[in-house]
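Step one of this worksheet: look at the structure below.
Next comes the structure, spelled out in structure tokens:
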């Protein structure tokens, strides 16, 4: 397929309009560099990295690839100033921001020649990101794993709404793990996709092997949005999820929920492999992911599936 007019490919200087999401406890330098080397855009997930750890991963990523890569930064991160300074000093050229106001950092980053993309959950927030000077937006639907928008708008509604609301290019996210889903996103107005869950189940992801196995064994309904009183997050159902669910059902206070959550709960689950007591963030599309593959093979399968869909859109099998 001719991608010469695709603004996402041009914006990042990549071969395929496929971005690997910057997921906490999964997106280290091995995954990001592997995705970039395969023609996509790899992102380091700074949300689970202390400043010195981020420096290490940026430098290792530079050693492992000469292709473009970026860093995903949740703007609610407590040491956000340190992270942004590191990104600037280390010469990172692409930053994806989320969970905060894009006006806070976009101008600062763009003054340094950095391409900035912001993750949004509504067309209203997309317009704010465009007004702040962002180069593109990620329209992340309700299906996505991890932290999610309160609007609970699915990708099938959100992507065309955002594409109609802004002039900058739109990247679709949430519920995408196959080439046919990429095709659907493009038909709805996206020019690229951001893929998370599919890359959790990759050989290079830093997620615990037991978590990866759990991901490929999920079915529809095995994830649910939780912790709406705090920050909504989509979780795989387990003992910890059930405790949170029951607490929310009985009207637990914010303080009680924070006590249940505790510290390092996501690290315990996704990185250390405690599948009962840990917080397991994953998207609904895990129900379609059935194997753990190298990132290069995932990229190849995604694009091959996309091209098949372009040629034969009504022949699913």
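Residue numbers (my numbering): -2 to 314. Virtual Cβ for every residue (Gly too), placed ideally from N, Cα, C.
Between which two residues does the alpha helix (DSSP H) holding residue i run?
i, result
"residue 120", "120 to 128"
"residue 33", "26 to 34"
"residue 176", "176 to 184"
"residue 211", "206 to 213"
"residue 103", "103 to 108"
Under a Cβ-count criterion, where at least 16 other Cβ atoms within 10 Å of its own Cβ denotes burial, should residue i be classed as buried or exposed?
i, result
"residue 233", "buried"
"residue 215", "buried"
"residue 198", "buried"
"residue 71", "buried"
"residue 227", "exposed"
"residue 56", "exposed"
"residue 188", "buried"
Need the endpoints of the beta strand (DSSP E) that residue i sits in, please.
i, result
"residue 54", "Not the beta strand (DSSP E): residue 54 falls in the alpha helix (DSSP H), residues 48 to 61."
"residue 137", "133 to 137"
"residue 311", "Looking at the DSSP string, residue 311 is not in any beta strand (DSSP E), and its letter there is neither H nor E."
"residue 93", "91 to 95"
"residue 7", "Counting along the chain, residue 7 falls outside any beta strand (DSSP E), though it belongs to the alpha helix (DSSP H) covering 4 to 9."
"residue 258", "Here residue 258 belongs to no beta strand (DSSP E); instead the alpha helix (DSSP H) covers 251 to 258."
"residue 71", "66 to 71"
"residue 230", "230 to 233"
"residue 222", "220 to 223"
"residue 40", "39 to 42"
"residue 281", "No beta strand (DSSP E) holds residue 281; DSSP gives it neither H nor E."
Would you tell me roughly how many angstroms separate the C-alpha atoms of residue i and residue j, rounded to the nearest one?
i, j, result
"residue 200", "residue 292", "7 Å"
"residue 247", "residue 41", "38 Å"
"residue 12", "residue 190", "13 Å"
"residue 143", "residue 308", "34 Å"
"residue 275", "residue 125", "35 Å"
"residue 158", "residue 95", "19 Å"
"residue 267", "residue 203", "9 Å"
"residue 2", "residue 9", "13 Å"
"residue 186", "residue 161", "8 Å"
"residue 121", "residue 97", "14 Å"
"residue 148", "residue 229", "10 Å"
"residue 69", "residue 179", "21 Å"
"residue 146", "residue 243", "22 Å"
"residue 211", "residue 296", "22 Å"
"residue 112", "residue 93", "8 Å"
"residue 219", "residue 110", "42 Å"
Comparing C-alpha positions only, which one of the options sits nearest to residue i?
i, options, result
"residue 49", "175, 84, 66, 228", "84"
"residue 18", "46, 210, 137", "137"
"residue 66", "53, 89, 7", "89"
"residue 73", "99, 238, 193", "99"
"residue 299", "111, 141, 37, 222", "37"
"residue 294", "140, 14, 34", "34"
"residue 352", "129, 183, 118, 141", "Beyond the ends of the chain as shown, which are -2 and 314, falls residue 352; an answer cannot be given."
"residue 175", "150, 220, 313", "313"
"residue 152", "182, 164, 221, 134", "182"
"residue 332", "131, 25, 251, 271", "Coverage of the chain is limited to positions -2 through 314, which leaves residue 332 absent and any answer about it impossible."
"residue 252", "171, 224, 141", "224"
"residue 101", "235, 123, 78, 110", "78"
"residue 286", "235, 254, 219, 213", "213"
"residue 288", "269, 236, 206", "206"
Indicate whether at least one CB of chain B lies closer than 8 Å to the CB of residue i.
i, result
"residue 128", "The chain inventory of the structure shown lacks chain B, comprising one protein chain alone."
Counting Cβ pairs, one atom from each stretch, are 3 or more of them under 8 Å apart for the segment 54 to 61 and the segment 25 to 37? Contact holds: three or more Cβ-Cβ distances are below 8 Å.
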